[in-house]
Amino acid sequence: MQTKKKNFEMNSIILFVFMMGTNVCNYLFQIITGRLLSVKDYGTVNTLMSLIVYFSIPNSIISLIAARYIALYRDMNNSNRISSVIRLLLKCSVAITLAVALIGLVFAAPIAGIFHLDTRFLVYGCAVIAIVNVSAATMYGILQGLQLFLPYGIQGIINAVCKLAGSILLILLGYKAWGVIAAMILGGALTVLYCAFYIRKYLASALQNQGESVVDFREFMRFALGMIIAQSSITALTNGDILLVKALFDDNIAGTYASAMVIGKIAMYVSTAVIAALFPAVVEEHGKGHDTQKLFRKALLYGGGSSVAMALGMNLLGKYVIGILFGQKYLEAIRYLPAVCAFVVPLTFLTIIMNYVLAIDRIKFFAISVLVSSVMILVLVGLFHTDVTQVMTICGIVLTVDAAANLAAIHRRD
Numbered sequence: 234m235q236t237k238k239k240n241f242e243m244n245s246i247i248l249f250v251f252m253m254g255t256n257v258c259n260y261l262f263q264i265i266t267g268r269l270l271s272v273k274d275y276g277t278v279n280t281l282m283s284l285i286v287y288f289s290i291p292n293s294i295i296s297l298i299a300a301r302y303i304a305l306y307r308d309m310n311n312s313n314r315i316s317s318v319i320r321l322l323l324k325c326s327v328a329i330t331l332a333v334a335l336i337g338l339v340f341a342a343p344i345a346g347i348f349h350l351d352t353r354f355l356v357y358g359c360a361v362i363a364i365v366n367v368s369a370a371t372m373y374g375i376l377q378g379l380q381l382f383l384p385y386g387i388q389g390i391i392n393a394v395c396k397l398a399g400s401i402l403l404i405l406l407g408y409k410a411w412g413v414i415a416a417m418i419l420g421g422a423l424t425v426l427y428c429a430f431y432i433r434k435y436l437a438s439a440l441q442n443q444g445e446s447v448v449d450f451r452e453f454m455r456f457a458l459g460m461i462i463a464q465s466s467i468t469a470l471t472n473g474d475i476l477l478v479k480a481l482f483d484d485n486i487a488g489t490y491a492s493a494m495v496i497g498k499i500a501m502y503v504s505t506a507v508i509a510a511l512f513p514a515v516v517e518e519h520g521k522g523h524d525t526q527k528l529f530r531k532a533l534l535y536g537g538g539s540s541v542a543m544a545l546g547m548n549l550l551g552k553y554v555i556g557i558l559f560g561q562k563y564l565e566a567i568r569y570l571p572a573v574c575a576f577v578v579p580l581t582f583l584t585i586i587m588n589y590v591l592a593i594d595r596i597k598f599f600a601i602s603v604l605v606s607s608v609m610i611l612v613l614v615g616l617f618h619t620d621v622t623q624v625m626t627i628c629g630i631v632l633t634v635d636a637a638a639n640l641a642a643i644h645r646r647d
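Residue numbering for the sequence shown is 234 to 647, as defined by our numbering.
As structure tokens, then:
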């Protein structure tokens, strides 16, 4: 167990290095596009980014499913089971691709209308990115489950660099939001090629050995259902703030809020390395019947603690950070930072909790509670939305109560 603790910390450090590189690229993307674009266009780009995440909800689900089952069977050293899981995941990928394409075609026009987009073809572009990322999600989920954290980290860098460099070039050429979409399609495609090359022997084995599935399909679907509810709700909460602001307020407010959101969410992104290392480590330890509470407490300490520290830092230094990074035209965003951080910190804890309860297959309470929280936020924001600060304060209060309830539930059951 001592070795596993060291492995968890070492893997967290490896992922932290690569994910910080990825996050730096993503933040440079936000800073540079914020400077190159008008406030209105910058708000549109961040709205599209959130729509892409919504279209990609199935991708995050399939990557976690891949990570869980691959981690379980890796611990058993059973290559036939791993091949069986990969075949099932590839079939799911095809089904998700068809579903996303259909949703994009049918709902593009109303989505464009709700979020004040100039054309429905921007929504089509978001759907194409999500479709490209279906294959990538399956493959990096396999890397995560196999605990191959070095290539797992590298694929994130490849995607982020392509998005950054491609977007800058195409925006300078005058393509604005379309330039960002094209760059993200390129980044997704290159990520797919890199991951496919790295796990080619596992893919070849899965495609060659067309034996009967050894996965318990009923257990698989039960786990998948809980994950769908939990992951969909967390994704909606993580990326729904900019969509709420874009739908409820004018384009300039949405653009200004986007800069505050980018700075405030630093507090959440610093914990991503801990979360990525936590999931397969807990799956493996839980499968052996070992205690996983120490890993969970470390994740809360490292991930949640860093989130709180960064939130405090951003509130103290936010004025200077926004002024230096985004320029004078975004300085109004400073007043949104406290409310954004109050929303981001409990959301970070909820994300850590979600990964833990998924890993130990005790998702029911979390799925119900986070779904209820999502509905409560929609109802309360629908009733009270005089300004952006009020909206984000409501989100923060609801999520803080939810995180506390889940921590209490985990403690009580253990």
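For glycine and all other residues, C-beta sits at the position ideal for the given N, C-alpha and C.
This structure is a prediction, so every number in the text was calculated from the model and none was measured.
Check: Taking only the alpha-carbon atoms, compute the straight-line gap between R455 and I298 and give it to the nearest angstrom.; Outcome: 12 Å
Check: Sorted by chain position, which residues of the same chain lie with C-beta nearer than 7 Å to V394's C-beta, five sequence neighbours on each side aside?; Outcome: C258
Check: Output needed for K239: all residues of its chain with C-beta closer than 6 Å, excluding positions within five of it in sequence on either side, in chain order.; Outcome: Because K239 sits at a pLDDT of 49, beneath the cut-off of 50, its placement in the model cannot be relied upon, and the following sentence gives the value as read from the coordinates. Hits under 6 Å: none found.
Check: With a threshold of 16 other CB atoms inside 10 Å of the CB of T352, please say whether the residue is buried or exposed.; Outcome: exposed
Check: Suppose you measure from the CA of V590 to the CA of S504; what does that come to, to the nearest Å?; Outcome: 17 Å
Check: With a threshold of 16 other CB atoms inside 10 Å of the CB of G704, please say whether the residue is buried or exposed.; Outcome: Here the chain has residues from 234 to 647 only, and residue 704 is not among them.
Check: Could you round the C-beta distance between G421 and V365 to whole angstroms and report it? I think they count as a contact, below 8 Å.; Outcome: 4 Å
Check: Contact between the segment 563-579 and the segment 593-613: three or more CB pairs below 8 Å?; Outcome: no
Check: List, from N- to C-terminal side, the alpha helix (DSSP H) runs of 4 residues or more that fit wholly inside the segment 286-313.; Outcome: 290-308
Check: Helix, strand or coil for H349? Go by DSSP, reduced to three states.; Outcome: coil
Check: I need the straight-line Cα distance from L323 to L564, nearest angstrom please.; Outcome: 47 Å
Check: Who are the near neighbours of M234 in its chain, counting only those whose CB is closer than 7 Å to its CB and skipping five residues on each side?; Outcome: Its pLDDT being 46, under 50, M234 is placed unreliably in this model, and the coordinates cannot settle the point.
Check: Helix, strand or coil for Q235? Go by DSSP, reduced to three states.; Outcome: For Q235, the predicted structure reports a pLDDT of 46, less than 50, and the residue's modelled location is therefore unreliable. The matter cannot be settled from this model.
Check: Which residue from S540, N548 and I585 puts its Cα closest to that of R530?; Outcome: I585
Check: Less than 9 Å between the C-beta atoms of G459 and F251, yes or no?; Outcome: no
Check: What is the DSSP secondary structure of L580, reduced to helix, strand or coil?; Outcome: helix
Check: Kindly list the residues whose CB is nearer than 6 Å to the CB of V631, restricted to its own chain and excluding five residues on each side of it in sequence; keep chain order.; Outcome: S606, M609 and I610
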